[in-house]
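The numbering of the sequence shown is full-length UniProt numbering, which starts it at 1 and goes up by one. Cβ coordinates follow ideal geometry from the N, Cα and C atoms, glycine included. Below is one structure; the comments refer to it alone.
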Amino acid sequence: MTNSGFYREGLEIIARCKKETGDIWAAHYGAAAIAGTAFASDNALTDAIRSLVSDQADRMLAGHRDGRLLPSGDERLPEARFGPGARQYIVEALEETIDELRWVGHNVIYGAVSLLAMHRLEQHGQLCRPSHESAPNVRGSVREAAGIAIGADIADLILAFRKAIPGRSWIGASTAEVKRIELTADLARLRLASPEELSDWVLGELAAFHAIYRAEAHHDLIGHLLTFSHGLNLLHDLGYVALFRRGQVPLLRLVQVLRLSRDLQEKGTEPKLYSPVDRLPLHRAERSASLPAEQRFWERDYNACDWDFGHVFKFSWSFYDHWRRGARSLYREAATENFRYIIRVCDPAEV
């Protein structure tokens, strides 16, 4: 499938998620499809690696081409033009939800990834040029309406986060405590003016963990620190600088809680775990022998673990985007080593 095909299907899944499932989580697969193709195109990978990433993303999407989240069989997605009208719906929804930590930043992740996909489709002239056989004004207006409808549906998904909890799995603080948390003086004073500064800082936070545990409250939460902050950087890239700045406050709250679990091993006591899915004792995550920039990583079939709910693509894209922006960071080597424990999925076979 072409890059534009992944962007289109990713947007379609995100747009259909809320109205088809009544929930917010199936959009993970749409975001993952966009992340996979963006990861392959944004990084200096070999053609073989790009082909493997594309194949895995296509097989992930194949499980959703059942007519519910994606058309089935030979049905085609409606051609859409994602002009300012479509994007404005999403931006307004983010403006309503970005000031608080909501499901570890998924409102920002979904919104930013959708805006990026729309931008790239328009940038490459996909889905917006009327065919020579039809009148441009008629054909263009139909495509514009289709794009606006998709934008409105994605906005509805983002608005579903208005009353959402910060997250469900934490170490050192309950969900209620996370809601009320006051930033420490150093975090309250922190002002990250550019994506480069944010990426450098995030790499430093990732590098600071002494051990990473395989738990939703730990490795998964750290992974979402990468994707949430990456989403803010994407908003800045696309010109939404005010959203980039506002979104840093909930991101800092997430970091403040994560700092409670930096050195669990050194503390020598069982941590306070608040989670409906994790259980004590926590076990250290396995180290991935390969990284997503290496062919060996993608030669593995991640279908066995459903691509870790799409995180194989999302975490890979976000980490390498931070790594690229933080080119002068002193934390790159240590952050890369710790990332091996974030991206290790599908036990027990070695990657």
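Same chain, Cβ closer than 7 Å to residue i, five either side skipped, listed in chain order
{"i": "residue 15", "result": "150, 153 and 154"}
{"i": "residue 256", "result": "181, 183, 184 and 187"}
{"i": "residue 72", "result": "65 and 66"}
Pick from the options that is closest to residue i, judged by C-alpha positions
{"i": "residue 344", "options": "297, 234 and 225", "result": "297"}
{"i": "residue 9", "options": "258, 32, 21 and 25", "result": "32"}
{"i": "residue 214", "options": "287, 7 and 184", "result": "287"}
{"i": "residue 1", "options": "78, 241 and 34", "result": "34"}
{"i": "residue 243", "options": "255, 224, 174 and 228", "result": "228"}
{"i": "residue 5", "options": "62, 49 and 322", "result": "62"}
{"i": "residue 59", "options": "300, 125 and 238", "result": "300"}
{"i": "residue 68", "options": "90, 27, 273 and 326", "result": "27"}
{"i": "residue 178", "options": "260, 44 and 199", "result": "260"}
{"i": "residue 209", "options": "265, 195 and 96", "result": "265"}
{"i": "residue 75", "options": "175, 320 and 66", "result": "66"}
{"i": "residue 313", "options": "22, 46, 55 and 255", "result": "55"}
{"i": "residue 122", "options": "110, 197 and 85", "result": "85"}
{"i": "residue 29", "options": "333, 310, 7 and 323", "result": "310"}
{"i": "residue 80", "options": "47, 272, 51 and 147", "result": "147"}
{"i": "residue 90", "options": "143, 47, 118 and 307", "result": "118"}
{"i": "residue 281", "options": "171, 190 and 322", "result": "171"}
Beta bridge counterpart(s) of residue i as assigned by DSSP
{"i": "residue 171", "result": "273"}
{"i": "residue 213", "result": "284"}
Beta-carbon contacts of residue i that lie in its chain and below 6 Å, excluding the five residues immediately before and after
{"i": "residue 247", "result": "98, 108 and 232"}
{"i": "residue 132", "result": "Because residue 132 sits at a pLDDT of 33, beneath the cut-off of 50, its placement in the model cannot be relied upon, and the point is left open."}
{"i": "residue 102", "result": "161 and 164"}
{"i": "residue 234", "result": "112 and 116"}
{"i": "residue 169", "result": "216, 217, 275 and 278"}
{"i": "residue 39", "result": "316 and 317"}
{"i": "residue 335", "result": "203, 206 and 207"}
{"i": "residue 137", "result": "Here the model assigns residue 137 a pLDDT of 45, short of 50, so the residue's position is not dependable, and the following value carries that caveat. Closer than 6 Å at the Cβ level, and outside the excluded window around residue 137, lies no residue."}
Run of the alpha helix (DSSP H) containing residue i, from where it starts to where it stops
{"i": "residue 163", "result": "That residue, residue 163, is in no alpha helix (DSSP H); it is neither H nor E in DSSP."}
{"i": "residue 90", "result": "84–97"}
{"i": "residue 120", "result": "106–123"}
{"i": "residue 332", "result": "332–342"}
{"i": "residue 306", "result": "306–309"}
{"i": "residue 60", "result": "47–62"}
{"i": "residue 219", "result": "Here residue 219 belongs to no alpha helix (DSSP H), and DSSP marks it neither H nor E."}
{"i": "residue 197", "result": "195–207"}
{"i": "residue 243", "result": "241–246"}
{"i": "residue 37", "result": "27–42"}
{"i": "residue 21", "result": "3–21"}
{"i": "residue 188", "result": "185–189"}
{"i": "residue 298", "result": "295–298"}
Environment of residue i [buried if 16+ CB atoms lie within 10 Å]
{"i": "residue 36", "result": "buried"}
{"i": "residue 305", "result": "exposed"}
{"i": "residue 317", "result": "buried"}
{"i": "residue 188", "result": "exposed"}
{"i": "residue 241", "result": "exposed"}
{"i": "residue 11", "result": "buried"}
{"i": "residue 250", "result": "buried"}
{"i": "residue 124", "result": "exposed"}
{"i": "residue 356", "result": "Shown here, the chain extends from 1 to 351; a query on residue 356 therefore has no answer."}
{"i": "residue 3", "result": "buried"}
{"i": "residue 105", "result": "buried"}
{"i": "residue 167", "result": "buried"}
{"i": "residue 41", "result": "exposed"}
Proximity test, residue i beta-carbon vs the ligand COA heavy atom, cut-off 6 Å
{"i": "residue 4", "result": "Judged by which ligands are present, the structure shown has none, so any question about the ligand COA falls away."}
Beta-carbon contacts of residue i that lie in its chain and below 8 Å, excluding the five residues immediately before and after
{"i": "residue 160", "result": "18 and 24"}
{"i": "residue 156", "result": "18, 19 and 93"}
{"i": "residue 294", "result": "49"}
{"i": "residue 212", "result": "218, 219, 222, 284, 285, 338, 341 and 342"}
{"i": "residue 332", "result": "203, 323 and 326"}
{"i": "residue 100", "result": "166 and 250"}
is_contact[residue i, chain D] using C-beta, thresh 7 Å
{"i": "residue 88", "result": "Within the model displayed, chain D is absent; a lone protein chain is all it includes."}
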